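Reminder that position 124 of the sequence shown reads as 131 in our numbering, one-by-one numbering, no gaps.
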Amino acid sequence: METKRLTPADAAAAARVISSGGLLGIPTETVYGLGANGLDEAAVGAIFAAKGRPQDNPLILHVPDDGWLERYCGDIPAVAYALADQFWPGPLTMILRRKPLVPDAVTAGLDTVGMRCPDCAVTREIIALAGVPVAAPSGNASGRPSPTTAAAMLEDMDGKIDAIVDAGPCQVGVESTIVDLTVTPPRLLRPGGVTLEELEDALGEVAVDEAVRRLMAPGEQPKAPGMKYRHYAPQAPVTVVKGDPDETAGYIVARMGDKSGVICFDEYAGYFRGHLVEAIGPAADQAQQARRIFDALRAFDRADVNDIWAQSPTDTGLGLAVTNRLNKAAGFHIIEL
Ligand code: TXA
Ligand code: MG
Numbered sequence: 008m009e010t011k012r013l014t015p016a017d018a019a020a021a022a023r024v025i026s027s028g029g030l031l032g033i034p035t036e037t038v039y040g041l042g043a044n045g046l047d048e049a050a051v052g053a054i055f056a057a058k059g060r061p062q063d064n065p066l067i068l069h070v071p072d073d074g075w076l077e078r079y080c081g082d083i084p085a086v087a088y089a090l091a092d093q094f095w096p097g098p099l100t101m102i103l104r105r106k107p108l109v110p111d112a113v114t115a116g117l118d119t120v121g122m123r124c125p126d127c128a129v130t131r132e133i134i135a136l137a138g139v140p141v142a143a144p145s146g147n148a149s150g151r152p153s154p155t156t157a158a159a160m161l162e163d164m165d166g167k168i169d170a171i172v173d174a175g176p177c178q179v180g181v182e183s184t185i186v187d188l189t190v191t192p193p194r195l196l197r198p199g200g201v202t203l204e205e206l207e208d209a210l211g212e213v214a215v216d217e218a219v220r221r222l223m224a225p226g227e228q229p230k231a232p233g234m235k236y237r238h239y240a241p242q243a244p245v246t247v248v249k250g251d252p253d254e255t256a257g258y259i260v261a262r263m264g265d266k267s268g269v270i271c272f273d274e275y276a277g278y279f280r281g282h283l284v285e286a287i288g289p290a291a292d293q294a295q296q297a298r299r300i301f302d303a304l305r306a307f308d309r310a311d312v313n314d315i316w317a318q319s320p321t322d323t324g325l326g327l328a329v330t331n332r333l334n335k336a337a338g339f340h341i342i343e344l
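As structure tokens, this is what we get:
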């Protein structure tokens, strides 16, 4: 099929793609998503086919405001509305009990469903016009880094989706924070644009799922099924080096080969001349690192590199999300200096 390029002025045409059971690339503040009518089993099935996504990995539903929660969720705790007040629209997905009308294809048979209200006006408008929740995983082929521009999504999805709405580069750059509100205390399943510290301020105690910080052994089940898959990975193997940035830069320079690529902070780009260098922002600018990390990982697949070295950001604030994506890309191959 030919994939139509739409702009934010084409919300009505985009909504018709959703209403007619098609696949639509949607912009959000986090990453581009691969959207379809979340109440239509066949359309949801087409998402899995286009991505090559394992069927046991559930999708999240996107809604235009928290007034839609009770259509699809039951036993909604008061904290869900408190979090929605504080963080929606924004990069927070809440896991809640689902109502029976949410198809099993969306939830992979779980009795819960992830709900998110994206901070992107055109996408909320499209959902409201279509009148149905939009199921949308990140718009990458399964296993590849998530797309933060329409062009990156088309690298994976051109010809496989009906249309894409190009609203420019994503402002956050890593996927939403996922918090499970069906357990006590609430549990962070995936770090993202809303930080753990912000959640703790709002909720008090927050448990952190083990899959956030380490590799799951074969057979172990993280609470967010998607966290178990090899993910975000360029073809060449990635090694993450943790420690003081001066020391990690020196360590990498001493060990890299002719065909090594490097992910580094802007201040260190000059150390690695002659190599493919992806500078992800100043060492102190976590927001910039979050916006750049997926694009940096994608760049290595367009080049001829044997291996990739990365200076590790710190893991506080937004850095927890950045280091989680980088560590997953490295298969948790991490050297601590
Ligand atoms: O920022 C985002 O969340 C983006 C944009 C497009 O909204 N979407 C996104 O979707 O990242 P996806 O499918 O790539 O990641 C959703 C994650 C997966 O790891 C999945 O396993 C988990 O959410 N998930 C979905 N439903 C769940 C549930 N009921 N319980 C636990 N985890 C769930
Ligand atoms: Mg994804």
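Beta carbons: idealized from backbone N, C-alpha and C, even for Gly. Nothing here was measured: the structure is a model prediction, and the numbers come from that model.
query	result
Cβ pair Thr37, Asp169 closer than 9 angstroms	no
Rounded C-alpha distance that separates Ile133 from Asn44	11 angstroms
Spatial distance of Pro244 from Ala337 (CA atoms)	7 angstroms
Gly121, enclosing alpha helix (DSSP H) - first and last residue	It is not in any alpha helix (DSSP H) - Gly121 instead sits in the beta strand (DSSP E) that spans 119-123.
Coil, strand or helix - Ser26 by DSSP	helix
Proximity to Asp73 [Cα-Cα], best of Arg123, Ala50, Ser27, Ala57	Arg123
Helix, strand or coil at Trp316 according to DSSP, with G and I counted as helix	strand
Rounded C-alpha distance that separates Cys127 from Ile259	39 angstroms
Cβ-heavy atom distance, His69 to ligand 1, below 8 angstroms	yes
Nearest to Phe301 (by Cα), restricted to the options Ala214, Glu274, Lys335	Lys335
Asp163 - containing alpha helix (DSSP H), residue span	157-164
Reduced DSSP secondary structure (H/G/I, E/B, other) of Lys266	coil
Nearest neighbour of Ala174, chosen from Gln62, Ile67, Leu99, Asp17 [CA to CA]	Asp17
Gln228 to Gln295 span [Cα, whole Å]	32 angstroms
Best match in Glu207, Ser183, Val172 for proximity to Val86 [C-alpha to C-alpha]	Glu207
Any 3 or more C-beta pairs closer than 8 angstroms across the region 151-168 and the region 110-119	no
Expected contact under 8 angstroms - CB spacing of Ala22 and Ala137 to nearest Å	4 angstroms
Distance cut-off 8 angstroms: Glu182 Cβ against heavy atoms of ligand 2	yes
C-alpha distance - Pro107 paired with Pro176, whole-angstrom precision	36 angstroms
Leu161 CB to nearest heavy atom of ligand 1 below 8 angstroms	no
Chain C within 9 angstroms of Leu13, Cβ atoms only	No chain C appears in this structure, which consists of one protein chain only.
7 angstroms Cβ shell around Glu58 - same chain, five flanking residues per side excluded	The displayed chain sequence assigns Lys, not Glu, to residue 58. Contacts found: Leu41, Pro144, Ala148, Ser149.
Residue nearest to Gly82 in terms of C-alpha spacing, selected from Asp92, Arg104, Gln62	Residue identity differs from the one stated: residue 82 is Asp in this sequence, not Gly. Of Asp92, Arg104, Gln62, the residue nearest in Cα terms is Arg104.
For Glu182, the nearest candidate out of Arg60, Thr330, Phe339 (CA to CA)	Thr330
Met101 - partner residues in DSSP beta bridges	Met122, Val186
Burial state of Val190 (16 or more Cβ within 10 Å)	exposed
Gly45 beta carbon near ligand 2 (any heavy atom closer than 8 angstroms)	no
Host alpha helix (DSSP H) of Lys335 (start-end)	326-336
Residue from Val109, Glu204, Gly264 with nearest C-alpha to Leu46	Val109
Of the listed residues Gly233, Gly199, Arg194, Glu204, nearest to Asp216 (C-alpha basis)	Arg194
Near ligand 2: Pro144 beta-carbon under 8 angstroms from a heavy atom	yes
Under the three-state DSSP convention, the category Val86 falls into	helix
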